[in-house]
Structures are given as structure tokens and as C-alpha cells.
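S.K.: Residue numbers (the UniProt record's numbering): 1 to 228. The structure is given below, and queries will be raised subsequently.
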């Protein structure tokens, strides 16, 4: 097979709807569900069944201060049994909440910080073979503190959060050395390092549409079964 579009600057992922035969909820969880869907790759193709996590999506924030440092937070993640260095992030679980507002809320809750300048840094699907989770990472600058009286009370794993300011280049080294494993943190750190080369001039505005988020395209009702 010959490579296609080699060297082209305009290539990119695109929506590719296929014929959906049916969807059922296999497991209904506290935060996300596991669904089973039957579909065909072509109009008259064979039926294929795939199980995956139906996820509300998330936002994350790479905070950059005036000294060129990024904010990392250390948090325990039970599925991998590790304390990971991450960036502030959270689920889009507030119905109708604007994406940037959700990012600002997570920044305040997890790091007690505000930001006056927001840009889109990178968009990701974290595990597209097994989950519908879409993640948008913002770059936050012009940092301020949340007043002490307005700070969020962190509980459970969040109560153990440890904050650390790290020079961006040192953070890049930590990613490449295999010392940072969080996909959102790794992608954000590397993207910020590249963006810094042009003074962040090429970043998209925070208001840029996000058509890849499930809420912006085919969002099937929980437990719905669609006929042929």
C-alpha cells in the first residue's frame, strides 16, 4: 500500500458515520456506561459488534506562568495503582456547561487558580478503540489565585493532590524519559513546547468549535435500540 498525502499540510481526521443497526447499554455506571453497538462498514456489509465506554468527555488545562513553568499535580489513580503527575482536568458532566467554563472550574477546584488568557492547545481521543472519550486541552496564562474563602474542598483522591511548578523544558525531558505517563499531560507538554517556538501565535482561540466532542454529533440515548 502506498502512503497517501505524504507531506501534505491539510490532512486530518474526519467524521465518518457508518450504518448503525442497534445499540444497547451493557453496563450503566456511576460516571460512564458500557454500550454494545452493531454497525456495518458499508451499506450492505456484514454486521459488526463492538463494545465500548460511552464517555461524557473531558477538558484539561496546561497552566503556564510568566517564568515559563507549567503546573503539574500528583494524584493517585487506582486502575493503574500509581501516583501520576498530571495537569488539572475533569469530566464534562455538567449539562450545558461551556467547555472553557468547565476548564476554568476544574482549574479552580484542583489548583486554586484562575486564568485570564485561554487558548486551545490540543484535542485528543484518549482511547478511540475502546472509549468515546474526547479531551480538549487548553493553555491557560495570566494566572491568579482563587480567594481563600472561595476555594473548593477536595475529597478522596483529590485530597492528596500535590502541586509542583516545573520548567517546561524539564517537563519535556520527564515525558521523553518515561517519567510522566498521563496522556493528557504528555500531549500538552509536548504541544506547548512546539507552540512556544512561534510565541504561541498559532494556537486556536478558546472559543474554537469542537465538533469531535460526542455532544456535537451522533449522541444516541442511553439504552436506545435502533431498528434496521
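Ideal Cβ placement from N, Cα and C applies to all residues, glycine included. Computed from a prediction, not measured in an experiment: that's the story for all the values here.
Have a look at residue 29 and residue 199 and give me their C-alpha separation to the nearest angstrom.
M.R.: Working through the chain shown from its first residue, we reach residue 29 at position 29. Working through the chain shown from its first residue, we reach residue 199 at position 199. Residue 29 and residue 199: Cα-Cα distance of roughly 43 angstroms.
S.K.: Rounded to a whole number of angstroms, what is the C-alpha to C-alpha distance between residue 91 and residue 102?
M.R.: Mapped onto the chain shown, residue 91 falls at position 91. Mapped onto the chain shown, residue 102 falls at position 102. Their backbone Cα atoms lie some 8 angstroms apart in a straight line.
S.K.: Check this for me: beta carbons of residue 145 and residue 107, under 8 angstroms apart or not?
M.R.: As a working note, residue 145 is residue 145 in the chain shown. As a working note, residue 107 is residue 107 in the chain shown. The answer is no: Cβ separation not under 8 angstroms.
S.K.: What residues in its chain sit with their C-beta under 6 angstroms from that of residue 55, if we drop five residues either side in the sequence?
M.R.: Working through the chain shown from its first residue, we reach residue 55 at position 55. For residue 55, where only same-chain residues beyond five positions count, the Cβ hits under 6 angstroms are 32, 131, 132 and 133.
S.K.: With C-beta atoms as the reference, is residue 120 less than 8 angstroms away from residue 208?
M.R.: Taking the chain shown and counting its residues from 1, the one referred to as residue 120 is at position 120. Taking the chain shown and counting its residues from 1, the one referred to as residue 208 is at position 208. Result yes, Cβ atoms of residue 120 and residue 208 sit closer than 8 angstroms.
S.K.: Indicate the three-state DSSP secondary structure (helix, strand or coil) for residue 148 in the structure shown.
M.R.: The residue you call residue 148 lines up with position 148 of the chain shown. DSSP places residue 148 in helix when its eight states are reduced to three.
S.K.: As a quick exercise: from 124, 64, 97 and 93, pick the residue whose alpha carbon is nearest that of residue 164.
M.R.: Mapped onto the chain shown, residue 164 falls at position 164. For residue 164, the nearest C-alpha among the options comes from 64.
S.K.: Leaving out five residues on either side along the sequence, give the residues of the same chain with a beta carbon under 8 angstroms from the beta carbon of residue 182.
M.R.: Within the chain shown, numbered from 1, the residue matching residue 182 stands at position 182. If we look at residue 182 and ignore the five residues flanking it on each side, its Cβ neighbours are 84, 85, 86 and 87.
S.K.: If we require 4 or more residues per run, which alpha helix (DSSP H) segments fall completely within the region 53-122?
M.R.: You should have 99-111.
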